[in-house]
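A quick write-up on the structure given underneath.
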Amino acid sequence: MSMPSRMPEPYGQSGGANLADILERVLDKGIVIAGDIRINLLDIELLTIKLRLIVASVDKAKEMGIDWWEDDPALSTRARRDQLAKENAELRERLARLEELEPGRTSTRAPAPEPAREESP
Amino acid sequence: MTGLRYVYAVCRPLAAPLQAELTGVAGAPAKLLHHHGLIAVVSDVPERDFAEEPLRAHLEDIDWLAATARGHQQVIDALTAVTTPLPLRLATVFRDDSGVRVMIEEREEVFLRTLDRLQGRVEWGVKVYVEPTGQEGTAGPEAKPASGRDYLRQRRMKARAHEDTWQRAEQFAGRLHSLLSEHADAARLHAPQNSALSRASGQNVLNAAYLVPRAKSEEFVEMVDRTKGEEPGIRVELTGPWAAYSFVEPAASEGTEGTGDAGGAGNTGGTGEGDA
């Protein structure tokens, strides 16, 4: 059989490869064949509750109420909350600035960098 | 005692015998079962552990599962060194050899087609992490704001730094993914790993697999290596060569990849458009 010769050594720790990487593949990828011993890996409680989390799809994890990706603005509801908080902060900042400028309030609003939204009274 | 047959993989007949002392799950030796011009790589495993009930119970045991996963992978690794195996999912068990033969006959065509498609190719795993910066999210050590304005400014700067890092990470992951995809025969985006559970530091933003011809693997590895340390605060991890676990399904099912999965890498899904 033709075995091309130039094959890099296994990268990193072959034997000690990250368990998560191994589980991700042996549990989640590869060919699924129903053998004589019928085990649906998804029915295994431990897998479902603990191990599946290692490779949990976002939806799956969400279903389970797990929020580990919460800091990812692309994904999370928390990030949306953060956005609200940020907006809030910006508004408060504007307010602070306005209050500071209260005496000569006339035309000093020009430098405000945020896209203006007239929410402060 | 009657044993069951645990099947690791299906492949074409090997040019050389398997290493004699190769063991797999439950420490059982791996053997070759020839049938119809294919081979199944199997172990005899005891019924007391691999019949339905005990197997189900064992799978709930993290240590047993980890040991079994490693045993499975050990055989797949050994096969990957000498041929192109089609790895089966963990815990594929038949009563006896004839059950395995029937399975081969039933799927012969698909096996052969898949083997042709994957022939001479291996899978490389690439993950991108955003390293914890230590300054985000810790309310403690920063200077106490002197005024409400200071406070607000600090908050804003923090939010921006955070956003910048994520934006950089997303862009980096997108660029890397399109670069690597160009040098691979196929690519798959997987769900990001939960760093807390995988014990890797930082947050996983890209978790991808690339199908690469063996002959081009060295080049591929070098390409990934060159990106390491390119962006501060972002870590690139390479694993492999793996058997083509992520590519046993033909690309036609690609539609299911990258829907939920791609989200983890921001907009890196598919083509990585707009990143060039």
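As given, the protein sequences belong to chains X and L, one line each in that order.
The first sequence lines up with residues -8 to 112 when you count with the numbering used here.
The second sequence lines up with residues 31 to 306 when you count with the numbering used here.
Glycine included, every Cβ here is placed at the ideal spot set by N, Cα and C.
Practice prompt. Measure from the C-beta of X/Leu14 to each C-beta in chain L and report whether the shortest distance is under 8 Å.
Written response: Translated into positions along the first sequence, residue 14 of chain X becomes position 23. So, interface residue.
Practice prompt. Excluding the 5 residues preceding and the 5 following L/Gly57 in the sequence, name in chain order all residues of the same chain whose CB lies nearer than 8 Å to its CB.
Written response: Taking the second sequence and counting its residues from 1, one reaches residue 57 of chain L at position 27. Excluding positions up to five away in sequence, the list reads Gly101.
Item to complete: Go ahead and label L/Glu248 buried or exposed: buried means 16 or more other beta carbons lie within 10 angstroms of its beta carbon, across all protein chains shown.
Response: Taking the second sequence and counting its residues from 1, one reaches residue 248 of chain L at position 218. By the 10 Å Cβ count, L/Glu248 comes out exposed.
Item to complete: Pick out the complete alpha helix (DSSP H) segments inside the region 176 to 250 of chain L, 4 residues or longer, and give them in chain order.
Response: Segments of the alpha helix (DSSP H) lying fully in the region 176 to 250 of chain L: 178 to 212, 225 to 228.
Worksheet item: What in chain L is Cβ-close to X/Leu32, meaning under 8 Å?
Response: Counted from its first residue, the first sequence places residue 32 of chain X at position 41. Neighbours of X/Leu32 in chain L, taken as residues at a C-beta separation under 8 Å, are given in chain order as Leu89, Arg119, Leu120, Ala121.
Fill in: Contact set between L/Glu82 and chain X, taken where Cβ atoms lie within less than 8 Å
The residue labelled residue 82 of chain L in the question sits at position 52 within the second sequence. Chain X residues near L/Glu82: Ile28, Arg29, Ile30.
Worksheet item: Do you know offhand how far L/Ala70's Cα is from L/Glu135's?
Response: Translated into the one-based positions of the second sequence, residue 70 of chain L becomes position 40. Translated into the one-based positions of the second sequence, residue 135 of chain L becomes position 105. Distance between the alpha carbons of L/Ala70 and L/Glu135: 11 Å.
Discussion item. L/Leu89 and L/Thr114 - do their beta-carbons sit closer together than 8 Å?
Written reply: Position 84 of the second sequence, counted from the start, is the residue given in the question as residue 114 of chain L. Position 59 of the second sequence, counted from the start, is the residue given in the question as residue 89 of chain L. Not closer than 8 Å, so no.
Worksheet entry | Rounded separation between L/Phe202 and L/Asn237 - CA only | By one-based count along the second sequence, residue 202 of chain L stands at place 172. By one-based count along the second sequence, residue 237 of chain L stands at place 207. Answer to the nearest angstrom: the Cα atoms are 13 Å apart.
Discussion item. Quick check: X/Asp114 and L/Phe141, are their CB atoms within less than 8 Å of each other?
Written reply: This structure does not reach residue 114 of chain X, given that chain X is present from -8 up to 112, and the question cannot be answered.
Worksheet item: Leaving out the 5 sequence neighbours to the left and right, which residues in its chain are closer than 8 Å to L/Arg42 when beta-carbon positions are compared?
Response: On the second sequence, position 12 is the one that residue 42 of chain L refers to. Within the same chain, L/Arg42 has close Cβ partners Gly67, Leu68, Ile69, Thr113, Thr114, Leu145.
Discussion item. Is the separation between the beta-carbon of L/Leu206 and that of L/Val158 shorter than 8 Å?
Written reply: Stepping through the second sequence from its first residue, residue 206 of chain L is reached at position 176. Stepping through the second sequence from its first residue, residue 158 of chain L is reached at position 128. Less than 8 Å divides the Cβ of L/Leu206 from the Cβ of L/Val158.
Fill in: chain L within 8 Å of X/Leu89, Cβ atoms only
As a first step, residue 89 of chain X must be located in the first sequence, where it is residue number 98. The C-beta of X/Leu89 comes no closer than 8 Å to any C-beta of chain L.
Discussion item. Between L/Ala96 and chain X, is any beta-carbon pair separated by less than 8 Å?
Written reply: For the purposes of this step, residue 96 of chain L is taken as residue 66 along the second sequence, with counting starting at 1. Residue-level contact by beta carbon holds for L/Ala96 and chain X, with a gap shorter than 8 Å.
Worksheet entry | Contact between the region 175 to 186 of chain L and the region 268 to 276 of chain L (3+ Cβ pairs under 8 Å) | With a cut-off of 8 Å, the region 268 to 276 of chain L and the region 175 to 186 of chain L do not count as touching, because too few Cβ pairs lie within range.
Discussion item. So within the region 36 to 81 of chain L, which uninterrupted beta strand (DSSP E) runs reach at least 3 residues, ignoring any that extend past its ends?
Written reply: Qualifying beta strand (DSSP E) stretches, in chain order: 61 to 65, 68 to 76.
Discussion item. I'd like to know if the region 187 to 199 of chain L and the region 257 to 267 of chain L are in contact, where contact means that at least 3 CB-CB pairs between them fall below 8 Å.
Written reply: Note that the region 187 to 199 of chain L touches the region 257 to 267 of chain L; at least 3 beta-carbon pairs, one per stretch, sit closer than 8 Å.
Fill in: Three-way DSSP call (helix, strand, coil) for X/Arg29 in this model
Residue 29 of chain X sits at position 38 when you count from the first residue of the first sequence. Of the three classes helix, strand and coil, the one that applies to X/Arg29 here is coil, per DSSP.
Discussion item. Taking only three categories from DSSP, how would you classify L/Glu279?
Written reply: Translated into positions along the second sequence, residue 279 of chain L becomes position 249. It is coil, neither helix nor strand.
Discussion item. Nearest by alpha-carbon distance to L/Ala191: which of L/Asp215, L/His213, L/Asp74, L/Pro162 is it?
Written reply: Stepping through the second sequence from its first residue, residue 191 of chain L is reached at position 161. Of L/Asp215, L/His213, L/Asp74, L/Pro162, the smallest CA-CA separation from L/Ala191 is found for L/Pro162.
Worksheet item: Rounded C-beta distance between L/Gln233 and L/Val160? I'm assuming under 8 Å.
Response: By one-based count along the second sequence, residue 233 of chain L stands at place 203. By one-based count along the second sequence, residue 160 of chain L stands at place 130. About 5 Å separates the Cβ atoms of L/Gln233 and L/Val160, confirming a contact at the 8 Å cut-off.
Discussion item. Quick check: is the beta carbon of L/His207 nearer than 8 Å to any beta carbon in chain X?
Written reply: Within the second sequence, the letter at position 177 stands for residue 207 of chain L. So no, L/His207 is outside the interface.
Worksheet item: Just how far apart, CA to CA, sit L/Val40 and L/Leu120?
Response: Here the question's residue 40 of chain L lines up with position 10 in the second sequence. Here the question's residue 120 of chain L lines up with position 90 in the second sequence. Taking the straight line from one Cα to the other gives about 13 Å.
Fill in: Helix, strand or coil at L/Gly33 [DSSP, three-state]
Position 3 of the second sequence holds residue 33 of chain L. It is a strand residue.
Worksheet item: In the DSSP assignment, what are the bridge partners of L/Val158?
Response: Working through the second sequence from its first residue, we reach residue 158 of chain L at position 128. Answer is L/Leu236, L/Val266, bridged to L/Val158.
Worksheet item: Cα separation between L/Val235 and L/Gly54?
Response: On the second sequence, residue 235 of chain L is found 205 positions in, with the first residue counted as 1. On the second sequence, residue 54 of chain L is found 24 positions in, with the first residue counted as 1. Cα-Cα distance, rounded: 33 Å.
Discussion item. Any beta carbon of chain X sitting closer than 8 Å to that of L/Phe202?
Written reply: Sequence index remark: in the second sequence, residue 202 of chain L carries index 172 (1-based). It does not; no Cβ of chain X falls within 8 Å.
Fill in: L/Val254 - DSSP class collapsed to helix/strand/coil
Locating residue 254 of chain L in the second sequence gives position 224, counting from the first residue. The answer is helix: DSSP assigns L/Val254 an H, G or I state.
Item to complete: Compile a chain-ordered list of the residues in the region 135 to 169 of chain L whose CB is closer than 7 Å to at least one CB of chain C.
Response: The chain labelled as chain C is not found among the protein chains of the depicted structure, namely X and L.
Discussion item. Less than 6 Å between C-beta atoms, sequence neighbours within five positions excluded: which residues of the same chain meet that for L/Val266?
Written reply: Here residue 266 of chain L corresponds to residue number 236 of the second sequence, with the count starting at 1. Excluding residues within five positions, the ones whose Cβ falls inside 6 Å are Val158, Thr257, Lys258.
Worksheet item: Are the C-beta atoms of X/Leu18 and some chain L residue less than 8 Å apart?
Response: Translated into positions along the first sequence, residue 18 of chain X becomes position 27. The C-beta of X/Leu18 comes closer than 8 Å to at least one C-beta of chain L.
Worksheet item: Quick one: what does DSSP say L/Val112 is sitting in, helix, strand or coil?
Response: On the second sequence, position 82 is the one that residue 112 of chain L refers to. Helix, per DSSP.
Worksheet item: Thinking C-beta only, is L/Val156 closer than 8 Å to L/Val72?
Response: As a position in the second sequence, residue 72 of chain L is number 42, starting the count at 1. As a position in the second sequence, residue 156 of chain L is number 126, starting the count at 1. For L/Val72 and L/Val156, no; Cβs fall outside 8 Å.
Item to complete: Have a look at L/Val278 and X/Ile22 and give me their C-alpha separation to the nearest angstrom.
Response: Taking the first residue of the second sequence as position 1, residue 278 of chain L is located at position 248. Taking the first residue of the first sequence as position 1, residue 22 of chain X is located at position 31. When rounded, the distance between both Cα atoms is 6 Å.
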